[in-house]
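Those letters in the sequence shown? Residues -19 to -1, 1 to 178, per mature numbering (1 follows the signal peptide of the UniProt record, and there is no 0), in order.
Before any comments, here is the structure.
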Amino acid sequence: MRRLTIAIAAAFLAVPAFAQDLSGPDAFADIADETERSVALFDEMGKVLTHPRCLNCHPVTGGPTQGDDMHPHSPPVVRGDADFGAPGMNCSTCHGTANMTLTDGHGSIPGHEPWSLAPVSMGWQGKSLAEICAQIKDPERNGGKSLEQLYEHNAHDGLVGWGWDPGQGRAPAPGSQEIFGQLTRAWIDTGAACPAG
C-alpha cells in the first residue's frame, strides 16, 4: 500500500505546471453577453493553442522547438521551402508515420503522416492570445481557411489530434481534440470574438 501511495504521489508531482483541464462549451453557458462568452471560449481554446504540443510546430523562426520546455530541435534542422525540412534531411528522415518509443523505453520520436511544421504565416510562438486569435481568423495567415475550415482542422485533423497522443515522454495537450473542436464550434457560433490585447 505504501508503494502505491508513493507511486501516486510521484505521478502527481511529475505533471508539468502547464497541464490544465479543458472545459467544454457548457461551462460558459452562463455568460449572457454573446461577445463575452465568445472571448471566454477562445481563452479556453488558448490552453491548447499555447501548449508546447502546438507551439513547438508553430514557430515564428526557421525551425521547430521540441519538448515540454520548447528547446531548439536536436539535431538542428531548418524549416525548408515546403515546411518539411531541408533537401536531404526532410522531417520524415527521423519522423515516421507514428510515434516510435526509443529502444531504451524512455521517451519517443514523434510521428504522424504527414509530419511537418505549420507554414511561417501560421507561426505564433511568443504571441499573445489576442494576436493568435486575429491570426487564425485571417485567411492570409491561416492557410486560406474559412472559419468553418478552421473548425474542421481543429476538430478532425490528425496532426492536430497528435497533440493528445504525443508519445512517451511528452505531456498531451489539455482536454481532448473532441472538446477542442466543440470549443471551436461554440466560439465561431458566438461570433469568433478575440480577447483584448
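Glycine included, every Cβ here is placed at the ideal spot set by N, Cα and C.
Considering only their Cβ atoms, is the gap separating residue j from residue i smaller than 8 Å?
| i | j | result |
| --- | --- | --- |
| Thr46 | His54 | yes |
| Ala154 | Val29 | yes |
| Gln49 | Arg151 | For the record, residue 49 in the displayed sequence is Asp; it is not Gln. It is a contact, given that the beta carbons lie within the stated cut-off. |
| Trp145 | His93 | no |
| Leu128 | Lys118 | yes |
| Val64 | Pro40 | It is worth fixing the name first, because residue 64 is Asp in this sequence and not Val. No. Outside cutoff. |
| Gln130 | Leu36 | no |
| Gly69 | Val59 | no |
| Asp11 | Gly156 | no |
| Val141 | Gln116 | no |
| Glu112 | Gly178 | yes |
Applying the criterion that 16 or more other CB atoms from any shown protein chain within 10 Å of the CB defines a buried residue, is residue i buried or exposed?
| i | result |
| --- | --- |
| Pro91 | buried |
| Glu25 | buried |
| Ser102 | exposed |
| Pro33 | buried |
| His87 | exposed |
| Ile169 | buried |
| Thr165 | buried |
| Pro95 | exposed |
| His52 | exposed |
| Gly125 | exposed |
| Phe161 | buried |
| Ala13 | exposed |
| Gly104 | buried |
| Ala167 | buried |
| Phe(-8) | Caution applies to Phe(-8), whose pLDDT of 37 falls short of 50 and renders its modelled position unreliable; the model cannot decide the point. |
Name the DSSP beta bridge partners of residue i, please?
| i | result |
| --- | --- |
| Ala67 | Met70 |
| Thr46 | Pro53 |
| Ile90 | Met81 |
Report the CB separation of residue i from residue j in whole angstroms; it is logged as a contact under 8 Å.
| i | j | result |
| --- | --- | --- |
| Ser89 | Leu98 | At roughly 19 Å, the Cβ-Cβ gap does not stay under 8 Å, so Ser89 and Leu98 are not in contact. |
| Ala5 | Gln163 | Before going further, note that residue 5 is Gly rather than Ala in the sequence given. Contact holds; Cβ gap of about 6 Å. |
| Gly148 | Asn80 | 3 Å |
(Q) With three or more beta-carbon pairs closer than 8 Å as the criterion, would you say the segment 170 to 178 touches the segment 15 to 23? (A) yes
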